[in-house]
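A.B. asks: Take a look at the following structure, please.
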Amino acid sequence: MNYAEARQDEVCVDLGSGRGTDVIRLSETVGKDGFVYGIDISDGMIKKAVSTAEKLGIANVDFIQSPLEKIKLADSVADLVISNCTINHADDKQVVWNEVFRILKKGGRFVVSDIYAINPIPGEYKNDPVAISECWAGSVTLMNT
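Using the working numbering, you'd call the opening residue of the sequence shown number -10 and step up by one each time.
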């Protein structure tokens, strides 16, 4: 999230929001006139995130249970989308990228930190749960122009 550079009054989306930590941080940055959506597939993570936001009295957030391949948000809603080691878990990564650009406003930004490969991954790593779960790749910012 350090590279996201969210701004006051923006609408942001966190893909794979988990317990909502980054969503809550973003909500402070965008202020009361901004808004942040947390997207996660796990019902348990959504419940935890909603509970935390309610306990903290944070009103400018919403947590949505949704697969990344069919994000339950309108077209062109987000100024900023962030994803931290989530896309690598999707079966069809191209569909996820298409969804990200669908929900981004023109001029919107996508900051992603994830695992990627140009060549096929050897089976010994592809099927290693530790290798799959670790994510230390660099971040890249893309703009929807």
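We treat Cβ as the ideally placed atom computed from N, Cα and C, and that holds for glycine.
By the 10 Å Cβ neighbour count, where 16 or more other Cβ atoms means buried, how is Y206 classified, buried or exposed?
C.D. replies: Past the boundaries of the shown model lies residue 206; the chain is included only from -10 to 134, so the question cannot be answered.
A.B. asks: May I ask you to list the residues that DSSP assigns as paired with A67?
C.D. replies: What you label residue 67 is simply residue 78 of the sequence shown in a count that begins at 1. Answer by DSSP bridge pairing, in chain order: L93.
A.B. asks: Considering just the uninterrupted stretch of the beta strand (DSSP E) at G27, what are its terminal residues?
C.D. replies: As a first step, residue 27 must be located in the sequence shown, where it is residue number 38. Counting along the chain, the beta strand (DSSP E) containing G27 begins and ends at F24 to D29.
A.B. asks: Provide the residue(s) that pair with S72 in DSSP beta bridges, ordered along the chain.
C.D. replies: On the sequence shown, residue 72 is found 83 positions in, with the first residue counted as 1. DSSP, once it has assigned bridges, lists L4 and V101 as partnering S72.
A.B. asks: Name, in chain order, the residues that DSSP records as bridge partners for I53.
C.D. replies: Residue numbering aside, residue 53 sits at position 64 when the sequence shown is read from its first letter. Answer is I28, bridged to I53.
A.B. asks: Quick one: is A126 buried, meaning 16 or more other Cβ sit within 10 Å of its Cβ, or exposed?
C.D. replies: Taking the first residue of the sequence shown as position 1, residue 126 is located at position 137. Its pLDDT being 45, under 50, A126 is placed unreliably by the model, and nothing is read from it.
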